[in-house]
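Data first, discussion second: the structure below is written as structure tokens.
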Amino acid sequence: MRDGLTFDTGALVALERRSARARKIVERAVELKVRITVPAVVVTEWWRGRTDVRDHIVDAVRVEPLSERVAKLAGEALAAVRGATAVDAIVMASAAQRGD
Numbered sequence: 012m013r014d015g016l017t018f019d020t021g022a023l024v025a026l027e028r029r030s031a032r033a034r035k036i037v038e039r040a041v042e043l044k045v046r047i048t049v050p051a052v053v054v055t056e057w058w059r060g061r062t063d064v065r066d067h068i069v070d071a072v073r074v075e076p077l078s079e080r081v082a083k084l085a086g087e088a089l090a091a092v093r094g095a096t097a098v099d100a101i102v103m104a105s106a107a108q109r110g111d
């Protein structure tokens with residue numbers, strides 16, 4: 012496994028729905044001390060009000076603020092990849108800068 016994982020909105024939805032596969036990924040990451048990063052924009056796309064489950068998920072990951080560097084990388088990705096969304100481009104740029 013790599014040094015880090017970057018989760019997108021789908022991963023947070025899967026965790027919220029208590030997907031066995033998603034839980035196993037998190038459990039294994041914790042066991043191996045692998046950092047799980049979630050770009051802040053992903054939390055924006057996913058969050059629909061506070062619940063205990065959502066709080067637990069956010070507490071278990073590192074929420075990464077959007078930096079100027081990541082924003083610019085994401086903008087370049089949007090220019091290069093037809094049909095990409097801003098959130099997807101930010102997730103990709105966030106992961107790429109760490110090698111996730």
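The sequence shown begins at 12 in the working numbering and counts up one residue at a time. By construction, the Cβ of each residue, glycine as well, lies at the ideal position given by its N, Cα and C atoms. Predicted model, so just to flag it, every value in this text is computed and none were measured.
Roughly how far, in whole angstroms, is the beta-carbon of residue i from the beta-carbon of residue j, given that I think they are within contact range, below 8 Å?
i	j	result
residue 17	residue 57	About 14 Å; that fails the 8 Å criterion.
residue 15	residue 45	6 Å
Classify residue i as helix, strand or coil using the three-state DSSP reduction.
i	result
residue 2	Only positions 12 to 111 of the chain appear in the structure, and residue 2 is not among them; the question remains open.
residue 49	strand
residue 34	helix
residue 74	strand
residue 20	helix
residue 12	Here residue 12 scores only 44 on pLDDT, less than 50, and its place in the model is too uncertain to base an answer on.
residue 44	coil
Does the Cβ-Cβ distance between residue i and residue j come in under 8 Å?
i	j	result
residue 111	residue 62	no
residue 101	residue 72	no
residue 54	residue 74	yes
For residue i, collect the residues of the same chain with a Cβ closer than 6 Å to its Cβ; drop the 5 residues on either side in sequence, then sort them by chain order.
i	result
residue 26	33, 68
Among residues of its own chain, excluding the 5 on either side of residue i, which ones have a beta-carbon nearer than 8 Å to its beta-carbon?
i	result
residue 76	51
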